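**Student:**
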RNA sequence: GGCCCCGUCGUCUAGUGGUUAGGACACAUGCCUUUCACGCAUGCAGCACGGGUUCGACUCCCGUCGGGGUCACCA
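Residue numbers (our numbering): 2 to 542.
Quick look at the structure:
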């Protein structure tokens, strides 16, 4: 699937003098791949593996981005290296601080701790691109001194002519260097006319990248037009800034979305011009929409929302997903360990993860499978953690207060126990357990129609009310026996007794065991609800 | 349009020339059961298409189709 065997490390000698060059002559004749030592040097054993995730502080964390971050984190943790967070704020947006906080909160929630970056600092800071101007300056100076870049005085209009022509002829647009006379150049300089700095792409070379996920990818430099690395205003551009940052931060493995695959080649040229050692690259395929291979689009978030597809991390937090479950699911989206294991604990993920087994084709998001994994994780969650996880949802609905008093705590514990495996995400405690905490019952119309609007039901409910009134003690075993006896005595099927009683006391057609419900709701509340149900039936009938 | 990446059940995947193409989620049916959920059992369902190469292709090569990216003084 991917290039090379063994650990997910590129052949280090591909970084020799012209790292990514496909050398046609000598290598072929000598056979083999240059004087490569065999077995190849495993860089992960020579130096610390350093990976990074560089979100821009706008909007929310996209689920695909979270997966990319996770793969970076996993790789660093597996090799005992460092995971670095870098804020891509070159646009200098206004609410950066707030946005960064949200991102950091997201990472904290996921348990993806970072070794260097915002708040924790580190030896390669600053970790905000907007604060790294001097680093870019130094790199620019070197490229200028070495004659790798030139001043581009072209105007939008001039370039647009070429661009439009290219489009018309159905060709790829490539910047064509405009040669100015020395006199013109001198004049521009004297005028202080603004210019962009453009990288001079060498012609006629074939670049080869040994991508850790995609395998060997070759690209002709003739396909790359001279590209701008610094805008007229002095603003460095992504293809340049991110390379400088990765070098400065000693990133060993660039693991990122595959949309950057083509960008890698200009970046390789910059790397080479800087005389820097290149990191290994791994391009991760995109995440597709559920049930299709179409890429998830930021534009369609509203449509996804309607379909119940959660696209942003905070939506999963709001739903009450378990971070471990999401991490487990995301790790398996595009990666597998073998032909059978689906459930992975975090430590196991760190141990077993490898770029080598990351699929080179896109994977589509499967909310159903995530939900199943979530359920599996919830089953394994200790009661105390479930209480802690569910509490905020109850508090948000005004059904409990934080901190919990002892009585409410034991009730919450009992409710969660009664809910059992039915509670998959924490918000379920509200969705299916509201009637345990609220004074008011909301009768579900479908349940009422199916179980209560039947001949003889009001009469039976009156008898059951009397039964509840006199059952002593009012506990699970006694209630169960009483209801059984009642059914037997009146010659009714259990279902015909239990189901109406459930709807009358909980308002719902589905839920935990009836006797759990009766006990937890309490005798008085049950009787009041039965009365309310009877009144409703008689009024509506 | 040029260039680059990708194509196994609906979905996530195992598979590296010879397998009854395996597992999981979802779905369907049955069992359990007061409902639902859980659990158990069974079932449905796949190598995009067309050419080669080969004794033999899901596996290798080419083409077509389809999906994605890139071709910015965005990231």
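Ideal Cβ positions, reconstructed from N, Cα and C, are used throughout, including at glycine.
All of these numbers come straight from a predicted model, not from anything done at the bench.
Helix, strand or coil for residue 153 per DSSP?
**Tutor:** strand
**Student:** Could you check what DSSP says for residue 351 in three-state terms: helix, strand or coil?
**Tutor:** helix
**Student:** What's the gap between the Cα of residue 333 and the Cα of residue 326?
**Tutor:** 11 angstroms
**Student:** Where does residue 387 land, buried or exposed, given buried means 16+ other C-beta within 10 angstroms?
**Tutor:** Buried: at least 16 other Cβ atoms inside 10 Å.
**Student:** Between residue 271 and residue 200, which are expected to be in contact by the criterion C-beta below 8 angstroms, what is the C-beta distance as a whole number of angstroms?
**Tutor:** 7 angstroms
**Student:** Per DSSP, what kind of secondary structure is residue 479 in: helix, strand or coil?
**Tutor:** helix
**Student:** Check residue 115 in the structure and name its three-state DSSP category.
**Tutor:** coil
**Student:** Rounded to a whole number of angstroms, what is the C-alpha to C-alpha distance between residue 291 and residue 359?
**Tutor:** In this model, residue 291 and residue 359 are separated by some 19 angstroms (Cα to Cα).
**Student:** Label residue 428 either buried or exposed according to how many other C-beta atoms from any shown protein chain fall within 10 Å of its C-beta, with 16 as the threshold for buried.
**Tutor:** Counting C-beta atoms within 10 angstroms of its own C-beta, residue 428 has 16 or more neighbours from the protein chains shown and is therefore classed as buried.
**Student:** Which same chain residues end up closer than 7 angstroms to residue 403 when comparing Cβ atoms and leaving out the 5 residues on each side of it in sequence?
**Tutor:** 392, 396
**Student:** So, helix, strand or coil for residue 252, using DSSP?
**Tutor:** DSSP places residue 252 in coil when its eight states are reduced to three.
**Student:** Could you check the C-alpha separation between residue 546 and residue 302 for me, to the nearest Å?
**Tutor:** Here the chain has residues from 2 to 542 only, and residue 546 is not among them.
**Student:** Count the other C-beta atoms from every protein chain shown that fall within 10 angstroms of the C-beta of residue 294, then say buried if there are 16 or more, exposed otherwise.
**Tutor:** exposed
**Student:** Could you pull the DSSP bridge partners for residue 336 from this structure?
**Tutor:** 359
**Student:** Please look up how many angstroms separate the CB atoms of residue 314 and residue 62, rounded, as I've assumed it's under 8 angstroms.
**Tutor:** Confirmed, Cβ separation roughly 4 angstroms.
**Student:** Residue 196 by DSSP, collapsed to three states: which one?
**Tutor:** Here residue 196 sits in coil by DSSP.
**Student:** Output the distance between the C-alpha atoms of residue 233 and residue 195, rounded to the nearest integer angstrom.
**Tutor:** 5 angstroms
**Student:** Go to residue 284, then tell me how far its alpha helix (DSSP H) extends in each direction, as first and last residue.
**Tutor:** Residue 284 -> not in any alpha helix (DSSP H); beta strand (DSSP E) instead, spanning 281-285.
**Student:** Cα-Cα, which of 422, 122, 534 is closest to residue 461?
**Tutor:** 534
**Student:** Cβ of residue 417 within 8 angstroms of any heavy atom in the ligand ATP?
**Tutor:** The ligand ATP is absent from the structure shown, which contains no ligands of any kind.
**Student:** Output the residue ranges of the alpha helix (DSSP H) runs that lie fully inside the segment 358-402 and measure 4 residues or longer, sorted by chain position.
**Tutor:** 368-380, 384-397
**Student:** Less than 6 angstroms between C-beta atoms, sequence neighbours within five positions excluded: which residues of the same chain meet that for residue 40?
**Tutor:** Residue placement at residue 40 is poorly supported in this model, since its pLDDT is 35, which falls under 50; the coordinates still yield a value, given next. So the list is empty, once near-sequence residues are dropped.
**Student:** How close, in whole Å, do the beta carbons of residue 431 and residue 420 come, if the pair is a contact with beta carbons under 8 angstroms?
**Tutor:** Not really, about 11 angstroms apart at Cβ, beyond 8 angstroms.
**Student:** Can you tell me whether residue 189 is helix, strand or coil according to DSSP?
**Tutor:** Three-state result, residue 189: helix.
**Student:** What residue does the beta strand (DSSP E) around residue 221 start on, and which one ends it?
**Tutor:** 216-221
**Student:** Which of the three DSSP states, helix, strand or coil, is assigned to residue 161?
**Tutor:** helix
**Student:** Need the endpoints of the beta strand (DSSP E) that residue 84 sits in, please.
**Tutor:** Annotation: the continuous beta strand (DSSP E) that includes residue 84 extends over 83-86.
**Student:** Any idea if residue 243 is buried or exposed, counting beta-carbon neighbours within 10 angstroms, 16 or more meaning buried?
**Tutor:** buried
**Student:** Using C-beta distances below 7 angstroms, list every residue in its chain close to residue 74, excluding the 5 sequence neighbours before and after it, in chain order.
**Tutor:** 84, 113
**Student:** Is it true that the segment 167-178 meets the segment 205-218, where meeting means three or more beta-carbon pairs spaced less than 8 angstroms apart?
**Tutor:** no
**Student:** Taking the alpha-carbon of residue 109 as reference, which of 406, 509, 328 has the nearest alpha-carbon?
**Tutor:** 328
**Student:** By Cβ distance below 6 angstroms, which residues in the same chain neighbour residue 320 in space, the five residues on each side in sequence not counted?
**Tutor:** 426, 428
**Student:** Is the Cβ-Cβ distance between residue 310 and residue 267 less than 9 angstroms?
**Tutor:** no
**Student:** Going along the chain, which residues of its own chain have a beta-carbon closer than 6 angstroms to the beta-carbon of residue 29, five neighbours each way excluded?
**Tutor:** With a pLDDT of only 25 at residue 29, under the threshold of 50, the placement of this residue in the model should not be trusted, and no figure is reported.
**Student:** Who pairs with residue 212 in a beta bridge, going by DSSP?
**Tutor:** Beta-bridge pairing links residue 212 to 216.
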